[in-house]
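**Q** Dumping the structure here so I can ask a few things about it.
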Amino acid sequence: MSQNRMPPGVLNLIVINVIFFIAKNFAESKYIDLGNILGLHHPFSKEFHFYQYVTSIFMHADFGHILFNMFGLWVFGAMLENAFGTKRFLIFYLICGVGASIIYQIWVSAIQYNSFVGNVPGIIEALLTYPPAGILIGASGAVYGILMGAALLFPNTEMYMMFIPIPVKLKWLAVFYGVAELYNSVHIDSSDNVAHFAHVGGMIFGFILVKIYSQNKTHFY
Numbered sequence: 089m090s091q092n093r094m095p096p097g098v099l100n101l102i103v104i105n106v107i108f109f110i111a112k113n114f115a116e117s118k119y120i121d122l123g124n125i126l127g128l129h130h131p132f133s134k135e136f137h138f139y140q141y142v143t144s145i146f147m148h149a150d151f152g153h154i155l156f157n158m159f160g161l162w163v164f165g166a167m168l169e170n171a172f173g174t175k176r177f178l179i180f181y182l183i184c185g186v187g188a189s190i191i192y193q194i195w196v197s198a199i200q201y202n203s204f205v206g207n208v209p210g211i212i213e214a215l216l217t218y219p220p221a222g223i224l225i226g227a228s229g230a231v232y233g234i235l236m237g238a239a240l241l242f243p244n245t246e247m248y249m250m251f252i253p254i255p256v257k258l259k260w261l262a263v264f265y266g267v268a269e270l271y272n273s274v275h276i277d278s279s280d281n282v283a284h285f286a287h288v289g290g291m292i293f294g295f296i297l298v299k300i301y302s303q304n305k306t307h308f309y
């Protein structure tokens, strides 16, 4: 199979993300908060809409946020698209992104539940109507899913990473990021605005999808 360094699926996803980023910044100059409109709210919030599960994947907070995600999408996404084909890759990307968001919301709700139960007896009923604060945006969940997929398909492929002068195999890179994100999910820092467990969720969905595809290569979608 020929290797395309910038296959059409990856290219189109990057273009769409950049368009959303430009639109978000332009809207902010007009005092319109697209991040609040298209970002993912908790399902119990009055501002929640189902379309946000998809639109939030294409929203980013700042230039560094989108730069990191698009770099990961380009590096690891090209590998997966060349292996899967464009249609299956795009489905993989969207499922990982949406799945990461769902898993993160379940995780946040569980933490909120345990916090309330441990500190305020009889608050369970209130919890059901109390939406955890915060808006989820970014393609990170999808990108971490792609990283997991690439590591499963090409485990011994070596890559040079920034600040690391020696090549690292993809399988160890995935293990490192997976453990780091899981650790940061458990050891919560109040000043950290990163949805670490969404990254873990993306990797979980990436793992599941690759296993499904490996069992039935003809009908992945």
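Mapping the sequence shown onto the working numbering, position 160 (from 1) lands on 248, and the numbers just tick up by one.
Just so it is clear, CB atoms sit at the ideal spot from N, CA and C, and this is done for glycine as well.
Would you tell me roughly how many angstroms separate the C-alpha atoms of Val263 and Phe114, rounded to the nearest one?
**A** 38 Å
**Q** How long is the line joining the alpha carbons of Leu235 and Asp121, rounded to whole angstroms?
**A** 31 Å
**Q** From Pro243 to Arg176, what distance separates their C-alpha atoms?
**A** 20 Å
**Q** If you draw a straight line from the C-alpha of Pro255 to the C-alpha of Leu168, how long is it?
**A** 20 Å
**Q** Can you name, in chain order, every residue of its own chain whose Cβ lies under 7 Å from the Cβ of Pro96, other than the five neighbours on each side?
**A** Result list for Pro96: Thr174, in chain order.
**Q** Return the chain-ordered ranges of every alpha helix (DSSP H) run that is complete within the region 122-156 and spans a minimum of 4 residues.
**A** 122-126 and 140-143
**Q** Cα-Cα, which of Met247, Glu269, Gln140 and Val231 is closest to Cys184?
**A** Val231
**Q** Would you tell me roughly how many angstroms separate the C-alpha atoms of Lys299 and Asn170, rounded to the nearest one?
**A** 17 Å
**Q** Hey, Gly226 and Asn157: beta-carbon distance below 8 Å or not?
**A** Yes, these two residues count as a Cβ contact at 8 Å.
**Q** Would you check if the distance between the CB atom of Lys310 and the CB atom of Glu246 is smaller than 8 Å?
**A** Since the first residue of the chain shown is 89 and the last is 309, residue 310 is not available in this structure.
**Q** Can you find the residues in the same chain that come closer than 6 Å, C-beta to C-beta, to Ser197, ignoring five residues on each side of it along the sequence?
**A** none
**Q** Determine the DSSP secondary structure at Val282, reduced to helix, strand or coil.
**A** coil
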